[in-house]
Structures are given as structure tokens and as C-alpha cells.
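A short write-up of the structure that comes next.
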Amino acid sequence: MHYYQQDGFSDPLDIRQWQERTGHDLVFNAGLFRENYAYLGLLYGNGRSLGSKRHAIWLGLFVAEPAEDRARRARVLDLTFDTFDERQPPYREVAQSLMLLDRTGKVRVRQTGKRAHQTLVAERDDGHLLVLKTTEEVSLHALGECLRDAFPSLRQVMAMDGGSSSDIAVSPSLRQALSEMAGSHTWIPLLEGTTTTHVGLPAVIGISPRRDHQGAKTR
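Take the sequence shown: its position 139, counting from 1, is numbered 144 in my numbering, and each next residue is one higher.
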């Protein structure tokens, strides 16, 4: 997790600047925020609260880097069913946002008709995590129904943010690897940052390969 003030910046960076400054292979918006750039919900980086408070309604938590080795390295928590102790956080990296689809198959947002690009974090039945980005504007409720019906392996899904804040950036090396593996596809420009206007994002989540003690990359 990165928050612009904690990282020493006077103003929020756009998604491409975040990727360049942090060097992560993939960077995406961490969630929703106020006009004054205050994050809406719990936000922890490296085991420290980044000045935010628990949101009473948005009950999804993306967590990573457990305090105890026996826990999964990253997962999605649903505060409707799961607990999270803010005094002794069980994970060092935490971002709170909307729960879109829960483990019972319930879509947890209302049908408003509002359509926008969306960025999602999903957990599968086998524990793998997916970062999803829409290729066109869509309503959150319809998106939740689509994922529930078309991808039954998804156990629960969080919505990180929508509209102009729904942004993902990848490193040049990963972008090159994607092009070589996937060929020419309409969704690749969404990762190249050429199709959208980038707004300043106060908080982002960065993903990079782990490295073992010898410096080799591990998953």
C-alpha cells in the first residue's frame, strides 16, 4: 500500500507516476477517497495505519503480508463474516472498499443504473487473487451479477473504485511480456495508459514478484 503523504509527496500522483516512482510491476487504485484526498476506510502500509478510519458500510478488505506465517499471504476479507482487529492487525497491508459479491452469491451493491469503468479484486475458491478491469463502462450491480453467473469459481469480489479513478499501470517489462504472450488484443491499450485521462490518486496498491534470499523472483 502507498499513500502519497506517507511516501513524501505533496500532491497525489497519477497512476503512471506511481508506477515509475515505486517500480512495481503492476499498480492500481487502492479505493475511494474524499475531495481532500483522505482515504475512505482502513488503510495500512507496512503494519502502520495511514491515517484512515474504518468505514461503517463498505465491508470489503483487501489484505496482504500476514503477521503470522501460517496465514495466506493475501486474501479478501468480508467484515460481514470476518473479523479484523485494528489494535493488532493480522496483516501488514490493508485497503478497505466496497464488497461487490460475497461468498453467499449476493450482490452487495444497489442497482442505480450508473455506469463507469471499474477495477476489482476477486478471490477464487482456490485462494488465488485476480485484479480485474472492465473494458467498457458498466454498472456495478450488473457487473456483480455477471461475475456471479459466469465465473462460479469466484468466492468474493471487491470494487476498488470506478470512473476516472479506475486505473491500472504496468511496468514496461511486464507490458512487453503481455504483448508477446497475448498478442494483439483490444484490452492491451487499457494497460498502456493511452485510452484514459489519468487523475491524481492519493493511495495505490503495488504488486511485484517476491525475491528469495538469493535475489531470484518467486511467486
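For every residue, glycine included, the Cβ atom is placed at its ideal position computed from N, Cα and C.
By DSSP, does residue i sit in helix, in strand, or in coil?
i           : result
residue 10  : coil
residue 62  : coil
residue 152 : helix
residue 182 : helix
residue 25  : helix
residue 213 : coil
residue 177 : helix
What's the C-alpha gap between residue i and residue j?
i           : j           : result
residue 205 : residue 36  : 13 Å
residue 218 : residue 112 : Any reading at residue 218 must be qualified, since the residue scores a pLDDT of 48, below 50, and its modelled position is unreliable; the value itself is stated next. One C-alpha to the other measures close to 43 Å.
residue 134 : residue 65  : 14 Å
residue 143 : residue 153 : 15 Å
residue 140 : residue 167 : 12 Å
residue 63  : residue 79  : 19 Å
residue 98  : residue 182 : 27 Å
residue 82  : residue 191 : 32 Å
residue 147 : residue 136 : 18 Å
Going by beta carbon distance, what residues of the same chain come within less than 6 Å of residue i, once the five residues before and after it are set aside?
i           : result
residue 171 : 122, 123, 124
residue 110 : 153
Go through its chain and collect everything with a Cβ distance to residue i's Cβ below 8 Å, but skip five positions before and after it.
i           : result
residue 174 : 20, 21, 23, 24, 31, 32, 33, 196, 198
residue 149 : 105, 106, 112, 113, 114, 162
Taking 8 Å as the cut-off, is the C-beta of residue i nearer than that to any heavy atom in the ligand NAP?
i          : result
residue 96 : The model on display carries no ligand, and the ligand NAP is accordingly not part of it.
Would you check if the stretch 68-80 and the stretch 102-121 touch, i.e. whether three or more CB-CB distances between them fall below 8 Å? no
The stretch 152-172 in contact with the stretch 90-102 per 3-pair CB rule at 8 Å: yes
Quick check: the stretch 8-16 against the stretch 43-52, are there 3 or more CB pairs under 8 Å? yes
Length at least 3, wholly inside the stretch 84-131: the beta strand (DSSP E) runs in chain order: 96-106, 123-129
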